[in-house]
Amino acid sequence: MSTQPVSDFGILLRRHRRAARLTQEELAERSGISVDAISALERGVSRAPQRATIELLADALQLSEAERAQLEDAARQLRRNSPAPEDAPLHLVLADEDQVKQPSLPESNPRQKPTPLPARRQRKRVVLILGALLVLLVGTYSGLSYWLHLWPFGKGAPTATAASDYHYIQPTHKGGTIIFSTTSFFELDSHTVASTNPWFANDGREGGLIAALWGSPYAISRTSTFLPDELAEIPTLANGDVSKDSLTVTMRLRHDLRWSDGQPLTADDFVYWLDVLLAPDLRDEIGSTFGYDKIATYSASDAYTLVLRYKQKLASALSFLYYLPLAAPKHAWGGISNRDLINRDKVNLYPEVTSGPFRIESIDPGKSITMVPNNPYYISTTLHRSVLDKLVYRVSPDRDAEVAAYEAGKIDFTEDFIDGDFARFKHMKGEHIFPSTSFTHLEFNLNRPVLQVYEVRKAIEEAIDRCSIIRTVFQDSCDLLRTDTILPPLSHANDPTVKTYSFNPAQARNDMLLAGWNCASKTCIRNGELFPTLTLVTTSGNAVRMQVAKLIQQYLEDLGIPVSLQPYPSGMLFNSYSNGGILATGQYDLSYFTFTFGLDNFENFSGFHSSQIPTDSNPDGGNLEGVNDPNIDSELDEAETTVDLSVQTQLFKSLQHELVARVYVIPLYLSPHITFVSSNIVNEQDNAFSDSLWNVGDWFLIK
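Under the working numbering, the sequence shown has 249 at position 248, and the numbering climbs by one with no breaks.
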């Protein structure tokens, strides 16, 4: 298969994006440049980028001066070889002028030069909303999520650890073809954009293919329980597979695992996967080890046992699970040099040897991939062998074409709908709406004296009718998306007893009066002083976001609190303290955005520690609200030192109570995830914690 050479600029851009752990969609959101334009630049099918475009990309990627200069040099080299004039109105063959959405920057906030991304604990709990398609698991669409997709499992295997948390309907029919599709573009004829191999997959658009083709040590159920896949059981302290200091983890594999060519799948294949992932000569292609470099040593003690030793204690009692490796077929690929792996289509794009419930049968480049069940070799501990004839991945050119194909019965499953699609596609047949792992919320700048008063924050919460927002924006039941806390309902640490203050305008006025503010007139007043206008900031370029922001503005003005709306490009809103980020430097009073929670609750909550408040001496601190609460600090300190999951879980539940009761955060609603599923499909299970096709091997058709 021929592929077009990629420019040095494209290679550098892709490398920096992967190192920043951003998908193309996330980079588009931060930079204001379209996904198609970024894809074209990375593939080398565009003309040379303009200087303004390079600046937007460098800012969004938070490149250092040296990295920025290197990117500019590569662009100049590309420009010399490009027929397009430098001052052309747009630099992309694929794009027209409206594909580059130049951010409008306030004159008082000139663009700053960014610094590299901060360390994990210091990184703010900020995840940019991508409509209803959300970063799943640990970091809304970080590279790590691809290793945490939920892969289907084998038939006839022990189910004692899984049966209570996975409801499987025995197939009543065999055969048939299921076609799934997405408008998230997957370049079927170029390995420079996407991959079906977990080593190289990084854009969040290959998940359905990876879930179908590859096994994994474990899966995560729709209720956030870890279920064994290739493992015989999940490592725990109780079964002795996690050491008391939590530094050593033993992976015990099933003894009957096979590759799709019938060869045994053993512990050596997991060692090989880590060897390649951590190889220095692949760093440019993989871009990041995604935390696997936390492993100090790894070795196979026998054919079915892999022992991992971590460099230091991980913060969460579940963190070690995120760094369990996958397996790669050493017998098939071990003779290929590391550098050449990504250039082999039979490894990177259309692997001939896989471990999941399906294997590739045929390819129609640029249009579809047809898969057939990987029988009799597929086996696992929780799920089952497929009874389908075929599973087809199809590329749709755009949303309208995809919807039309679904309604005509030409495809059976589609997803990736965003908030703005709600009204347009509401009540289309087979609609599934379920809460994602992201929640949209309102936060305070607690450095503002007026917002340090608990009664004022409580009054603001009571003045906002969250159910009305849900019904107005999403035209759906309040019960579906309403949330009172800041963990998704099915998270193991979610506490359903946590309750926010309900919409109650009269009580809000009473609370304001307790704080000394009389809100009987149009604007609250205290000792002749009008309540100051609060600046509400959010991300720009999102119609749903602005609709909600205007509703919040109206509710607070009804109370007597004047509000000024100020949208910012994501790269400016979430930039670092050193580079003038709006949130980090406190240039706001109220902030409204979406945060995606993973299963690592220490990662979720650590940004509320007072040590993480950004300052000149701590510019990368992630406590953007300025929460300074000794109780929260104490509970976070204890959570970081314990290895007992049950103790950590109780601490995180207590943290939810503290944050909600003190009104440090106002949960508004859970972001919805939308899929459309044919009524003929059985065993499809919506799962907020993983790829939607997490158990696709168990799906069957009743017609």
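Backbone N, C-alpha and C define an ideal beta-carbon position, used for all residues, glycine too.
- Task: Please check the pair residue 488 and residue 434, which I expect to be a contact at CB under 8 Å, by giving their CB distance rounded to whole angstroms.
- Result: Within the sequence shown, residue 488 is the residue found at index 487, counting from 1. Within the sequence shown, residue 434 is the residue found at index 433, counting from 1. That pair is no contact at about 20 Å.
- Query: Which of helix, strand or coil does DSSP assign to residue 328?
  - Reply: Locating residue 328 in the sequence shown gives position 327, where the first residue counts as 1. Looking at residue 328 - three-state DSSP - the assignment turns out to be coil, as it is neither helix nor strand.
- Query: Start and end of the alpha helix (DSSP H) containing residue 470?
  - Reply: The residue labelled residue 470 in the question sits at position 469 within the sequence shown. Residue 470 -> alpha helix (DSSP H) spans 467 to 475.
- Query: Once you ignore the five residues that flank residue 456 on each side, which residues in its own chain have a CB closer than 8 Å to its CB?
  - Reply: Numbered from 1 along the sequence shown, position 455 holds the residue referred to as residue 456. Take residue 456, set aside five residues on each side of it, and the residues of its chain with a beta-carbon closer than 8 Å to its own are 512, 513, 515 and 516, in chain order.
- Message: Only counting the same chain, and skipping five residues up and downstream in sequence, which positions put a Cβ closer than 7 Å to that of residue 494?
- Response: By 1-based counting over the sequence shown, the position of residue 494 is 493. Around residue 494: 488, 602, 650, 653 and 654.
- Classify residue 569 as helix, strand or coil using the three-state DSSP reduction. Walking along the sequence shown from the start, residue 569 turns up at place 568. Secondary structure of residue 569 (DSSP, three-state): strand.
- Task: Using 10 angstroms around the beta-carbon of residue 462, count the other beta-carbons present and answer buried if the total reaches 16, otherwise exposed.
- Result: Numbered from 1 along the sequence shown, position 461 holds the residue referred to as residue 462. Buried, by the Cβ-count rule.
- Message: Assuming the contact rule is C-beta atoms closer than 8 Å, residue 321 and residue 305 should be a hit. Round their C-beta distance to whole Å, please.
- Response: Here residue 321 is taken as the residue at index 320 of the sequence shown, counted from 1. Here residue 305 is taken as the residue at index 304 of the sequence shown, counted from 1. No, residue 321 and residue 305 are not in contact; Cβ-Cβ is about 19 Å, not under 8 Å.
- Buried or exposed by the 16-neighbour rule on C-beta atoms within 10 Å, applied to residue 174: For the purposes of this step, residue 174 is taken as the residue at position 173 of the sequence shown. Residue 174 is exposed by the Cβ-count criterion.
- Message: Short of 6 Å in beta carbon distance, which residues of its chain neighbour residue 671, apart from the five on each side in sequence? Order them along the chain.
- Response: Here residue 671 corresponds to residue number 670 of the sequence shown, with the count starting at 1. The beta carbon of residue 671 lies closer than 6 Å to those of 436, 440, 482 and 484 in the same chain, with the five residues before and after it left out.
- Quick one: which unbroken alpha helix (DSSP H) runs of 4-plus residues sit fully inside the segment 252 to 301? Chain order, please. Counting only runs of 4+ residues, the alpha helix (DSSP H) found wholly inside the segment 252 to 301 occupies 268 to 278 and 284 to 287, in chain order.
- Alpha carbon to alpha carbon, how far is residue 562 from residue 523? Give it in angstroms, no decimals. Against the sequence shown, residue 523 aligns to sequence position 522. Against the sequence shown, residue 562 aligns to sequence position 561. Taking the straight line from one Cα to the other gives about 8 Å.
- To which residues does DSSP link residue 644 through a beta bridge? For the purposes of this step, residue 644 is taken as residue 643 along the sequence shown, with counting starting at 1. For residue 644, DSSP records no beta bridge to any residue.
- Identify the continuous alpha helix (DSSP H) that holds residue 1 and give its terminal residues. Residue 1 cannot be examined here, being either before or after the span of the chain that is shown, 2 to 704.
- Segment limits, beta strand (DSSP E) that includes residue 677: For the purposes of this step, residue 677 is taken as the residue at position 676 of the sequence shown. Secondary structure note for residue 677: its beta strand (DSSP E) is the uninterrupted segment 666 to 678.
- Item | Buried/exposed call for residue 99, threshold 16 Cβ in 10 Å | On the sequence shown, residue 99 is found 98 positions in, with the first residue counted as 1. Confidence in residue 99 is poor, its pLDDT being 29 and thus under 50, which makes the residue's placement unreliable; the coordinate value appears in the next sentence. Flag for residue 99 reads exposed.
- Task: Label residue 633 either buried or exposed according to how many other C-beta atoms from any shown protein chain fall within 10 Å of its C-beta, with 16 as the threshold for buried.
- Result: Indexing the sequence shown from 1 puts residue 633 at position 632. Under this definition residue 633 is a buried residue.
- Item | Start-to-end residues for the alpha helix (DSSP H) that takes in residue 229 | Here residue 229 is taken as the residue at index 228 of the sequence shown, counted from 1. For residue 229, there is no enclosing alpha helix (DSSP H); the residue is part of the beta strand (DSSP E) that begins and ends at 227 to 229.
- Backbone secondary structure at residue 409 - three-state DSSP: Indexing the sequence shown from 1 puts residue 409 at position 408. Correct three-state label for residue 409: coil.
- Query: With C-beta atoms as the reference, is residue 215 less than 8 Å away from residue 397?
  - Reply: In the sequence shown, the residue the question calls residue 215 occupies position 214. In the sequence shown, the residue the question calls residue 397 occupies position 396. The Cβ-Cβ distance between residue 215 and residue 397 does not fall below 8 Å.
- Item | Own chain, CB closer than 7 Å to residue 554, minus 5 neighbours either side, in chain order | Mapped onto the sequence shown, residue 554 falls at position 553. The answer, listed in chain order, is 537, 564 and 566.
- Query: Hey, would you say residue 614 sits closer than 8 Å to residue 432, going by beta carbons?
  - Reply: Sequence index remark: in the sequence shown, residue 614 carries index 613 (1-based). Sequence index remark: in the sequence shown, residue 432 carries index 431 (1-based). In this structure, residue 614 lies away from residue 432, with their beta-carbon atoms at least 8 Å apart.
- Query: At which residues does the alpha helix (DSSP H) containing residue 506 begin and terminate?
  - Reply: The residue given as residue 506 occupies position 505 in the sequence shown. Here the alpha helix (DSSP H) through residue 506 covers 506 to 515.
- I think residue 266 touches residue 328, with their Cβ atoms under 8 Å apart; what is that distance to the nearest whole Å? In the sequence shown, counting from the first residue as 1, residue 266 sits at position 265. In the sequence shown, counting from the first residue as 1, residue 328 sits at position 327. Sure, about 6 Å apart at Cβ, within 8 Å.
- Item | Exposure of residue 340, with buried meaning 16 or more beta-carbon neighbours within 10 Å | Position 339 of the sequence shown, counted from the start, is the residue given in the question as residue 340. Counting Cβ neighbours within 10 Å, residue 340 comes out exposed, since fewer than 16 surround it.
- Item | Closest Cα partner of residue 606 within the set 620, 571 and 624 | Within the sequence shown, numbered from 1, the residue matching residue 606 stands at position 605. Looking at the Cα atoms, 624 is the closest of the given residues.
- Query: Can you tell which of 694, 76, 664 and 698 has its C-alpha closest to the C-alpha of residue 459?
  - Reply: Walking along the sequence shown from the start, residue 459 turns up at place 458. Just measuring C-alpha positions, the residue of 694, 76, 664 and 698 sitting nearest residue 459 is 664.
- Taking just the CA atoms, how far does residue 337 sit from residue 668? Reading the sequence shown from its first residue, position 667 is the one you call residue 668. Reading the sequence shown from its first residue, position 336 is the one you call residue 337. If you take the alpha carbons of residue 668 and residue 337, they lie about 51 Å apart.
- Query: Taking C-alpha atoms, which residue in 277, 697 and 272 lies nearest to residue 308?
  - Reply: Reading the sequence shown from its first residue, position 307 is the one you call residue 308. Of the candidates 277, 697 and 272, the one whose C-alpha sits nearest the C-alpha of residue 308 is 272.
- Can you check whether the CB of residue 686 is closer than 8 Å to the CB of residue 386? Stepping through the sequence shown from its first residue, residue 386 is reached at position 385. Stepping through the sequence shown from its first residue, residue 686 is reached at position 685. No. Outside cutoff.
- Is residue 426 near residue 679, with beta carbons less than 8 Å apart? Position 425 of the sequence shown, counted from the start, is the residue given in the question as residue 426. Position 678 of the sequence shown, counted from the start, is the residue given in the question as residue 679. No, Cβ-Cβ distance for residue 426 and residue 679 is not below 8 Å.
- Mark residue 377 as exposed unless 16 or more other C-beta atoms lie within 10 angstroms of its C-beta, in which case mark it buried. To locate residue 377, count along the sequence shown from 1; it is residue 376. Residue 377 comes out exposed.
- Separation of residue 365 from residue 400, as counted between CA atoms: Residue mapping note: residue 400 aligns to position 399 of the sequence shown, counting from 1. Residue mapping note: residue 365 aligns to position 364 of the sequence shown, counting from 1. Distance between residue 400 and residue 365, taken at the CA atoms: about 21 Å.
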